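Number 108 in full-length UniProt numbering belongs to position 108 of the sequence shown; there are no gaps in the numbering.
Ideal Cβ placement from N, Cα and C applies to all residues, glycine included.
Computed from a predicted structure; not experimentally measured.
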Amino acid sequence: MAPPRSTAAPPNLPIPDPTAVDEFNLHLLHAASEGDLPLLKGLVRALEKSRRDPREVLDATREEGLGALHMAARIGSVPVCRYLVEEIRVDVDADGAESVTPLICAMFGGSLDTIRYLLDHGANPDKVIGDCFTPLHHAAGMGDREMVELLLTKGASVDSVSVSGTPLHIAAFRGQDEAMQVLLENNADHNKILPGIDTPLISAITASSVKCVKLLIEAGADVNDGLVPPLAAAADKGLTACLKCLLEAGADPNVPDPGDYSNLRRIEELKSLGVKSVKRNDYSTAATMYSMAMEHDPHDATLFWNRSLCWLRMGDGHNALQDALACREMRPGWPKACYRQGAALMLLKDYGGARDAFLDAAKLDPQSSEIKAALREAMNSLEISHGATKTT
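Printed below as a string of structure tokens:
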């Protein structure tokens, strides 16, 4: 019978000293990535003997952006995860490369036991990574029914929103009918429309998934709603089976094909989101919303005017000025465009240019107290800057 594995630090790695820290740390990660709990415990004891805090060392140690818990979770080693979480007290939601968490690593490793352990010990089922994707988005995209059920049981939000939509959108777009069924059973919004993202039904048609289309119709999806009419989408892809399902469910063949109306609707949705983002001082998101709206209507001066404000609030004078100039070119007689140009030039400390822009605005709207105040400020700043130049 083979002797039991030693739990002491390996002979080629004595109690770590400052010159051996990097090599020692890599051995810690290697032990976790192999699920070698005895070796990991031995290395931790060596750290303690050298009076180094194991948690601090493990929290700071990364390889390709992943820590020990990420690696143990990825291979599905519950014993190592338990040791790290319960004895070493590492952060169960620690961010790795691109904000990847141990829970996400466990999901890609496919170990339900590890996923369940992490969730039972505080892992956030709604923690976002990347473009606002939650664990449920990933599980839905993978089509893992049990994983989706487990996350929902542990409190995951069924309608969380990412740049690609809700988990139901993801399941539909990838044709994952089993994951979709679980989401629908848990009251996922089957008619959800987001800026630039159509309904889950349209996503299912895009995926050419008759099963997903049927599930959505059975759940009560509106067969006439969408930025693109479902019948038009199915006809465009030549999906006879989907067309039959839609018609049997009452889809109206006379709903207009996508055109000006759907485009205007999308623009108004994006504008509305931009306004809401500005109200909560989220200027980066607002600028993104206005940029997306510009893709549908590049000749709307108000979009440039609003985005210019966002750049100003974020301290980006150059982009603010470019948008203000574009706005003036489209609407040369609009005093607000001149005013926005002046504000951008003030931020860039071009007080002479700002004065001229505010003068143009004042000529177009001589009653505006806001323009008058801005003009006075520009002239005062110009005078002060000239005085400073003379003294130097």
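Got a sec, what are the start and stop residues for the alpha helix (DSSP H) residue i sits in?
{"i": "Y290", "result": "283-296"}
{"i": "F133", "result": "It is not in any alpha helix (DSSP H) - F133 carries neither H nor E in the DSSP assignment."}
{"i": "G352", "result": "351-364"}
{"i": "W334", "result": "Here W334 belongs to no alpha helix (DSSP H), and DSSP marks it neither H nor E."}
{"i": "residue 408", "result": "Because the chain in this structure spans residues 1 to 392, residue 408 falls outside the shown range and cannot be described."}
{"i": "S308", "result": "301-313"}
{"i": "N25", "result": "21-33"}
{"i": "T206", "result": "200-206"}
{"i": "T114", "result": "112-120"}
{"i": "A106", "result": "102-109"}
{"i": "K49", "result": "37-49"}
{"i": "T240", "result": "240-248"}
{"i": "V78", "result": "78-82"}
{"i": "Q367", "result": "No alpha helix (DSSP H) contains Q367, which DSSP labels as neither H nor E."}
{"i": "R55", "result": "54-60"}
{"i": "L231", "result": "230-237"}
{"i": "E87", "result": "Unbroken run through E87: none, as it is neither H nor E."}
{"i": "H169", "result": "167-173"}
{"i": "L183", "result": "177-185"}
{"i": "L216", "result": "210-219"}
{"i": "A73", "result": "68-74"}
If I measure Cβ to Cβ from residue i and keep anything under 8 Å in the same chain, skipping five residues before and after, which residues do I get?
{"i": "L216", "result": "A172, M180, L184, H190, P200, L201, A204"}
{"i": "Y261", "result": "Residue placement at Y261 is poorly supported in this model, since its pLDDT is 49, which falls under 50; the coordinates are not used for a value here."}
{"i": "M289", "result": "P195, L270, K271, L273, G274, S277"}
{"i": "L325", "result": "Q341"}
{"i": "L246", "result": "V213, I217, V223, P230, L231, A234"}
{"i": "A221", "result": "H190, N191, T199, P200, L201"}
{"i": "V100", "result": "G65, L66, H70, I129"}
{"i": "L112", "result": "E146, M147, L150"}
{"i": "H299", "result": "M330"}
{"i": "S385", "result": "K349, Y351"}
{"i": "G109", "result": "A73, R74, I75, G76"}
Comparing alpha-carbon positions, which option in the options lies nearest residue i?
{"i": "D252", "options": "E269, A234, I267", "result": "A234"}
{"i": "V80", "options": "A106, A188, A60, C212", "result": "A106"}
{"i": "R89", "options": "V100, I104, L112, A123", "result": "A123"}
{"i": "P125", "options": "S157, L364, L382, G353", "result": "S157"}
{"i": "G274", "options": "L321, G317, S308", "result": "S308"}
{"i": "A97", "options": "W334, V85, A60, Y117", "result": "A60"}
{"i": "G342", "options": "R331, A362, M330", "result": "A362"}
{"i": "R45", "options": "E87, S33, E63", "result": "E87"}
{"i": "T153", "options": "P229, S368, L119", "result": "L119"}
{"i": "L239", "options": "T302, G250, S208", "result": "S208"}
{"i": "I193", "options": "N186, G175, P229, V182", "result": "P229"}
{"i": "N187", "options": "D198, H299, A219", "result": "A219"}
{"i": "V92", "options": "L112, I75, G67", "result": "G67"}
{"i": "R328", "options": "S381, M314, F304", "result": "F304"}
{"i": "A301", "options": "A31, D282, D316, C338", "result": "C338"}
{"i": "S369", "options": "P335, I384, S381", "result": "P335"}
{"i": "R174", "options": "H296, V182, G143, G155", "result": "G143"}
{"i": "S291", "options": "G35, G226, N306", "result": "N306"}
{"i": "D131", "options": "D360, P332, R52, T285", "result": "T285"}
{"i": "D225", "options": "A287, G109, D236, V255", "result": "V255"}
{"i": "L84", "options": "G35, G110, R52, K127", "result": "G35"}
{"i": "E56", "options": "A31, H30, A94", "result": "A94"}
{"i": "H169", "options": "E383, G141, G155", "result": "G141"}
Ordered along the chain, which non-local residues of its own chain (more than five positions away) have a Cβ less than 7 Å from that of residue i?
{"i": "K271", "result": "A293"}
{"i": "E248", "result": "none"}
{"i": "H138", "result": "I104, M107"}
{"i": "D356", "result": "none"}
{"i": "T114", "result": "A73, G76, V78, C81, A106"}
{"i": "C242", "result": "I205, V210, V213, A234"}
{"i": "N380", "result": "none"}
{"i": "G250", "result": "V223"}
{"i": "H30", "result": "none"}
{"i": "E383", "result": "none"}
Can you tell me the Cβ-Cβ gap for residue i and residue j, rounded? I've got them flagged as a contact below 8 Å.
{"i": "C212", "j": "D177", "result": "5 Å"}
{"i": "L40", "j": "L26", "result": "L40 to L26, Cβ: 13 Å. No contact."}
{"i": "L47", "j": "P54", "result": "5 Å"}
{"i": "L359", "j": "G333", "result": "About 15 Å separates the two Cβ atoms, so there is no contact after all."}
{"i": "I267", "j": "D297", "result": "5 Å"}
Ignore the nearest five residues each way along the sequence and tell me which others in residue i's own chain have a CB closer than 6 Å to its CB.
{"i": "A320", "result": "S308, W311, L312, A344"}
{"i": "V21", "result": "The predicted model places V21 with a pLDDT of 44, which falls under 50 and marks its position as unreliable; any figure quoted below should be read in that light. Cβ within range, chain order: n/a, list empty."}
{"i": "A354", "result": "G342, L345, M346, A378"}
{"i": "F133", "result": "S162"}
{"i": "P3", "result": "Reliability fails at P3, whose pLDDT of 33 lies under 50, so the model's placement of it is uncertain and no value is given."}
Would you be able to state if there are at least three C-beta pairs under 8 Å between the region 160-170 and the region 128-145?
yes
Is the region 366-373 touching the region 345-353, taking contact as three or more C-beta pairs under 8 Å?
no
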